[in-house]
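Undergrad:
Printed below as a string of structure tokens:
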């Protein structure tokens, strides 16, 4: 039997990875899975949290921050990512700049079958946009976030980290 | 109602060294008016998202005045951005709206509720520090100095004449303009951003 403790993804793990990679701004719409992460981000004096009203704004705000020499990260849920298709196209892919998008994988389950169509269409959506992605489920996956940062810097393209937090570690 | 080019000419007198972004069919006139192209920026559209891009630029460059000439058709696609901007209170952000009441680039179809909507009231209600309506050039011209010396975010809605384009896009007059990448590179060079 696997110890459930090792399955948890602590919000501190993401904060550490953000700091390690020089992130300056998090552009976000909070979702139910990331509430504790939101509170933790707001406590960091080196990090500016930018709440937006709709996910499609987040990529555009990130472009402006990138032009200004900052290092933004987008933090949204998969449903909002799918709603943001034209922003991903026009404001990120066409603009050609490195952007890490941390995306809550609503409906994801390690068991394969899911009744939630948000999960059903997430990876097909990413594949349609030819976006590389990394699945992060627990603290042991933390280094994958730095790998994703390295991939986005190397390619000047967006790279996605899918948060498959099946055990709701983000919510504590 | 004001000619869009007259708006730009009036603004240019108070631009100083502000970074400027323009949108829509009326935006073409800015190229004839600007005197500092290295501080003109184009970050593209994506269904009304240029406002969010320029907002991001203003957040990243708090020591620079950042001016965005928006259009009502673009803003209506993403009206929630007003709350996003107001929430971060960027003191350096000046948000002009050139309201011609229609989608000029697609033949002049009216935008929803074009006759009655009050964009300045919407912006003020969203939390902008100040918001204004203008439909008279002289009134606008005499107010701009004071407006540009306020702390943002400031919203300035201006009624302009529509310049409707009905020709298929491939048959329209082509204006030489810098690419998005070129405007980004030029602005970064100007500001010393690597």
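Chains as they are written, first to last, in the numbering used here: chain Z, -7 to 164; chain W, 19 to 212. Ideal Cβ positions, reconstructed from N, Cα and C, are used throughout, including at glycine.
Residues of the region 40 to 52 of chain Z in Cβ contact with chain W at a cutoff of 9 Å, in chain order, please.
TA: So the list reads 40, 42, 43, 44, 45, 46, 48, 49, 50, 51 and 52, given in the order they occur along the chain.
Undergrad: Do the region 13 to 33 of chain Z and the region 60 to 76 of chain Z make contact, defined as three or more Cβ pairs closer than 8 Å?
TA: Output reads yes: the region 60 to 76 of chain Z touches the region 13 to 33 of chain Z.
Undergrad: I'd like to know whether the C-beta of residue 213/W is nearer than 7 Å to at least one C-beta of chain Z.
TA: Examination of residue 213/W is not possible in this model, given that chain W is present from 19 through 212 alone.
Undergrad: Give the secondary structure of residue 26/W by DSSP, where H, G and I count as helix, E and B as strand, and everything else as coil.
TA: Helix, per DSSP.
Undergrad: Whose C-alpha, out of 117/Z, 42/Z, 131/Z and 47/Z, is nearest the C-alpha of residue 66/W?
TA: Answer by Cα proximity: 47/Z.
Undergrad: Shorter than 6 Å, the distance from the beta carbon of residue 126/W to the closest heavy atom of the ligand HEM, or not?
TA: Here there are no bound small molecules, and the ligand HEM is not part of this structure.
Undergrad: So with Cβ pairs under 7 Å, would you call residue 78/Z a contact of chain A?
TA: Protein chains in the displayed structure are Z and W, and chain A is not among them.
Undergrad: Check the Cβ of residue 205/W against every Cβ in chain Z and list those closer than 8 Å, keeping chain order.
TA: Near residue 205/W (Cβ distances below 8 Å), the residues of chain Z are 59.
Undergrad: Check whether the Cβ atoms of residue 113/W and residue 152/W lie closer than 7 Å to each other.
TA: No. Outside cutoff.
Undergrad: Could one say the Cβ of residue 70/W lies closer than 7 Å to chain Z's Cβ atoms, at least one of them?
TA: By this cut-off, residue 70/W is an interface position.
Undergrad: Does residue 99/W come within less than 7 Å of chain Z when only Cβ atoms are used?
TA: Answer yes: the Cβ-Cβ gap between residue 99/W and chain Z drops below 7 Å somewhere.
Undergrad: Skipping 5 residues on each side, what residues in its chain have a beta carbon closer than 7 Å to that of residue 57/Z?
TA: Excluding sequence neighbours, residue 57/Z sits near 17 and 64.
Undergrad: With a cut-off of 7 Å, does the C-beta of residue 95/W fall near any C-beta of chain Z?
TA: No, residue 95/W lies away from the interface with chain Z (no Cβ there is under 7 Å from its Cβ).
Undergrad: Quick check: is the beta carbon of residue 202/W nearer than 7 Å to any beta carbon in chain Z?
TA: Yes, its Cβ sits closer than 7 Å to a Cβ of chain Z.
Undergrad: Run the CB neighbour count on residue 160/W, radius 10 Å, all protein chains shown included, and call it buried at 16 or more, exposed below.
TA: The residue is exposed, with fewer than 16 neighbouring Cβ atoms inside 10 Å.
Undergrad: Tell me, please, which residues DSSP counts as bridged to residue 89/W.
TA: DSSP, once it has assigned bridges, lists 116/W as partnering residue 89/W.
Undergrad: Shortest alpha-carbon distance to residue 98/Z belongs to which of 153/Z, 12/Z, 39/Z and 9/Z?
TA: The shortest Cα separation from residue 98/Z among 153/Z, 12/Z, 39/Z and 9/Z belongs to 153/Z.
Undergrad: Does the separation of the CB atoms of residue 24/W and residue 116/W fall below 7 Å?
TA: Contact: no.
Undergrad: To which residues does DSSP link residue 41/Z through a beta bridge?
TA: Partner(s): 18/Z.
Undergrad: Taking 7 Å as the cut-off, decide whether the C-beta atoms of residue 99/W and residue 123/W are in contact.
TA: It is not a contact, given that the beta carbons lie outside the stated cut-off.
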